[in-house]
Structures are given as structure tokens and as C-alpha cells.
């Protein structure tokens with residue numbers, strides 16, 4: 002049945018689905034795990050880092066990129082599609098600065114990305130973007146925002162969210178710890194929570210992840226690998242202690 006309706010992005014299946022868009026969402030589900038968290042004064046992003054060849058330049062495979070001085074984006078899905086979207090969004094951010102003499106809001110640039118994705122679901126001769134983006138940053142008044150867009154062009158704002166191949170178990174884990182997330186007040190606690198999430202759910206070690214922090218009117222800062230290694234050891238000790246405590250018989 003699908004073969005009759007998935008040859009063009011503009012054709013609906015009998016049950017109301019755009020199959021090309023669903024295939025693009027499957028590309029996202031097979032992509033690297035990405036996690037984002039917003040505190041009162043910082044945006045913290047963590048991504049699964051794929052292995053890099055000994056002769057390959059590591060800077061060419063980074064998935065955390067700046068759209069403007071105050072907006073950062075990461076993604077899961079097709080890297081080639083992301084490069085096109087990243088370039089278009091950067092150009093729009095610079096055009097906004099030239100035309101209005103002020104930086105774009107985080108919602109504006111997210112809406113631009115979402116609209117671009119949605120346009121690619123409405124005409125023949127092209128396919129949907131096979132990626133989901135987390136966009137975070139600060140408005141001029143210092144208010145932090147974190148948005149997610151998906152291949153269909155939908156976007157929502159979040160306090161914390163995830164996308165990629167482990168997105169469902171990661172989201173379940175984050176919702177289970179929602180009270181803790183909502184009360185995170187400082188950058189250090191947010192970074193530790195991101196590391197704990199990636200270690201607990203995706204079973205990553207510090208060499209398989211990248212974590213970045215963006216603060217108001219400050220440059221993007223990548224967390225040092227040694228810091229990640231120390232956090233990983235701390236998190237694993239805490240997880241082992243919690244598991245040991247849960248195995249102990251409760252006092253009557």
C-alpha cells in the first residue's frame with residue numbers, strides 16, 4: 002500500500018499521512034542522540050559523538066553550531082541536510098541584523114527554520130529535511146529559550162528535550178526526573194544532569210559525547226573532556242550507590 006503513496010511528498014495516504022515526511026522522521030530516529038536543557042541563565046546541549054578517523058579533522062563533524070552570537074543549534078539526522086539548513090539560518094540571522102539593526106529573537110529564527118522545513122513538504126521535486134533541530138539562545142533582554150523542530154515543520158518550546166535514536170527512553174528518563182530538572186539553578190548542575198542522562202540511558206562514556214554551554218552575552222563554551230571524564234566517574238558512582246541501596250532489604 003505504501004508504494005502507491007510515497008513517491009511524492011504532496012500525496013496523502015488514505016489514512017492521512019505524508020509518507021515522505023514519516024520517512025524523514027525515521028532518519029531522525031536513526032540519528033545521534035541529542036539532549037538540551039534550559040536553566041534560568043544558561044542553555045546546555047549534549048550530543049552523542051560519533052567516532053572520528055585518525056586522519057579526519059574533528060572540527061568538521063561537530064554537531065553543535067552557532068546561528069548567531071546568541072543562538073546555538075544542534076541536530077539529529079542527516080548531516081548534509083543540516084549543513085544546508087544551518088547556512089540558510091545563519092544568512093537569515095545576519096540579514097535580520099542588517100535590516101533591523103538588532104539581533105533576531107530565538108523564536109524568530111526557530112520559526113524561520115520550521116517554515117523552511119514545512120515548505121519542503123508542500124511541493125514536488127524536493128524532499129523533506131531529514132533532521133530534527135534543538136535551537137537554544139537568549140533574547141535581547143536575557144530571557145533564555147529552547148525550541149525543537151521536526152521534519153514536518155512543527156516547533157515547540159521546552160525546558161528540556163531530546164531527539165535522535167534514544168529519544169524515547171531519554172525523554173522518559175527526563176520526565177521521571179522532571180522535578181529535579183525544573184529546579185536546576187546553575188550551570189554545573191545542568192551539565193552534570195546532561196552527562197548523567199547520556200550515561201544512564203544511552204550508555205555513553207565521556208569520549209562519546211560533547212557538551213556545550215551558552216550563557217547570555219558570552220561565547221559558546223565546550224566542556225573540556227577531562228571535566229566530562231570526572232563527571233562521568235562521579236555519575237557512575239552515584240548510579241552504583243543508588244542501585245546498591247535499592248537492593249538492600251527495607252527495615253520492617
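In this note's numbering, the protein residues as written are 2 to 253.
Idealized CB from N, CA, C, for every residue including glycine.
### Query
According to the Cβ coordinates, are residue 101 and residue 118 closer than 8 Å?
no
### Query
Quick one: is residue 214 buried, meaning 16 or more other Cβ sit within 10 Å of its Cβ, or exposed?
buried
### Query
Which parts of the stretch 11 to 64 are runs of the beta strand (DSSP E), unbroken and 3 residues or longer, counting only runs that do not cross its ends?
35 to 39, 43 to 49
### Task
Work out the CA separation of residue 27 and residue 2 for me, nearest whole Å.
Note that residue 2 scores a pLDDT of 46, beneath 50, so its modelled location is shaky and nothing firm can be said.
### Query
Taking Cβ to Cβ, would you say residue 39 is nearer than 8 Å to residue 137?
yes
#### Entry: Beta-ladder partner(s) of residue 73, from DSSP
67, 137
### Query
With a CB to CB cut of under 6 Å and the five nearest residues on each side skipped, what residues in its chain are close to residue 153?
22
### Task
Measure the C-alpha to C-alpha separation of residue 36 and residue 195 and round it to an integer number of angstroms.
7 Å
### Query
If residue 74 sits next to residue 87, beta carbons under 8 Å apart, how far is it from one beta carbon to the other, in whole angstroms?
7 Å
### Message
Pop quiz: residue 198 and residue 175 are said to be a contact at Cβ under 8 Å. What is the actual Cβ separation, rounded to whole angstroms?
### Response
7 Å
### Query
Which ranges would you report for the beta strand (DSSP E) in the stretch 197 to 239 if only whole runs of at least 3 residues count?
210 to 216
### Query
Under a three-way DSSP split, which group does residue 102 fall into?
coil
#### Entry: Bridge-paired residues (DSSP) for residue 130
Its beta-bridge partners do not exist; DSSP assigns none.
#### Entry: 8 Å Cβ cutoff met for residue 167 and residue 202
yes
### Message
Which of the three DSSP states is assigned to residue 145 in this structure?
### Response
strand
### Task
Determine the contact status of residue 165 and residue 34, defining contact as a CB-CB distance below 8 Å.
yes
### Query
Relative to the C-alpha of residue 83, which residue among 191, 29, 125, 96 is closest?
29
### Query
Can you name the residues that DSSP bridges to residue 162?
37
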